[in-house]
Ligand SMILES: [Zn+2]
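Chains as they are written, first to last, in the numbering used here: chain P, 20 to 207; chain G, 421 to 594.
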């Protein structure tokens, strides 16, 4: 959807046009779900976050600022809701912070890890990052958003974003290094 | 810059400017440790890209859209909220309201001006049987009434007997 068509739909939604808003939902719910899932790793929770995010946008559509893309605004809300969920989940101990179980999967096949396994390991390693590091890592490395967009979504300066990204990548690499014992990553 | 300074740049290679990238490229050509680190981080980034390429999508997109729209349509109050907030944000409505208030002020001013002219004309030429509310006339009439009342006052003293009062009044009428 080009920016002009998107703005037209937003203007209609501002007048209470639910049909126009539905088109915005259809165009962007995939991105919203993807971000939520990469944070939470929980299908039901991700769907709830997406629903809540769009409801929030609908209620506050008149506050939409033209200088931001709709997807930036949506990503920001989804990221905040996901981080809130993780915070409460950690409190309830629903998420295992000690990701030791991946070692069992990893060492079961010493030569090559399957893509799915690698994915699982990366996500588990990401659980050990700080809130900011995880947010930057998910948006930049897993959602592959532009650096400027990540800064806008998380309201971070470029320097702060880079610093968090550096520590996130460093921790992920160190975690992978422990598992890929005979791999080239071990060389460091 | 030493190897430790290059470490951060190597991890953030994709985020560097062309000039910064060229600087890192120059260093790793002559430094085995940094070259190995660069190689390892690039390998990791490729793995992360592969994970990123695996699209994450809701199981039933249409169902999710329906759930979102049900929640939105449930907020009927927001439609009124939209209407009112939008109305007060609308410049055309603001102009219309200003014009209307200006019109009301002008109408009232003209009305009161006309009324004051008409009142003056009525005072100058009082029509037959009309009641004139003029303070000067009112004061004169009041003093006349007062004079009439004082005519009997000395006969109606509470310190005198009723017989005296009757005699006094009779004398006055004579
Ligand atoms: Zn070096």
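Ideal Cβ placement from N, Cα and C applies to all residues, glycine included. Quick caveat: nothing in here was measured; it's all calculated off a predicted structure.
Residue nearest to residue 151 of chain P within the set P:136, P:176 and P:90 is P:176 (criterion: CA-CA distance). Listed in chain order, the non-local C-beta contacts of residue 77 of chain P below 7 Å within the same chain comprise 40, local neighbours out to five positions each way being set aside. Remark: the shortest separation between the CB of residue 451 of chain G and any heavy atom of ligand 1 falls under 7 Å. In this structure residue 68 of chain P touches residue 100 of chain P by the C-beta definition: roughly 5 Å separates them, less than 8 Å.
Not a single CB atom of chain P sits nearer than 8 Å to the CB of residue 521 of chain G. Spatial neighbours of residue 62 of chain P in its own chain (CB-CB distance under 8 Å, excluding positions within 5 residues in sequence) are listed in chain order as 56. Neighbourhood of residue 155 of chain P in chain G, by CB distance below 8 Å: empty, with the nearest CB roughly 11 Å away. Residues 426 and 454 of the same chain have their beta carbon placed closer than 7 Å to that of residue 447 of chain G, with the five preceding and five following residues left out of the count.
No Cβ-Cβ contact shorter than 8 Å links residue 458 of chain G with residue 185 of chain P. Around the C-beta of residue 533 of chain G, fewer than 16 other C-beta atoms lie within 10 Å, and the residue is accordingly described as exposed. Within the region 121-201 of chain P, the alpha helix (DSSP H) runs of at least 4 residues that lie entirely inside it are, in chain order, 134-145, 150-156, 166-173 and 177-198.
For residue 185 of chain P, the Cβ stays outside the 7 Å cut-off from all heavy atoms of ligand 1. Chain-ordered, the chain P residues with CB closer than 8 Å to the CB of residue 461 of chain G read 188 and 192. Here residue 21 of chain P is exposed, its C-beta having fewer than 16 other C-beta atoms within 10 Å.
Taking a Cβ-Cβ cut-off of 8 Å, the neighbours of residue 487 of chain G in chain P comprise 66 and 70, given in sequence order. Taking non-hydrogen atoms of ligand 1 into account, the C-beta of residue 447 of chain G is found less than 7 Å away from one of them.
Under the 8 Å Cβ criterion, the region 159-178 of chain P does not count as touching the region 192-199 of chain P, having fewer than three qualifying pairs. Pairing residue 172 of chain P with residue 75 of chain P gives a Cβ-Cβ distance that is not under 8 Å. For residue 41 of chain P, the enclosing alpha helix (DSSP H) starts and ends at 37-59.
Take the alpha-carbon of residue 84 of chain P and the one of residue 51 of chain P: they are about 19 Å apart.
In the structure shown, the three-state DSSP call for residue 480 of chain G is coil.
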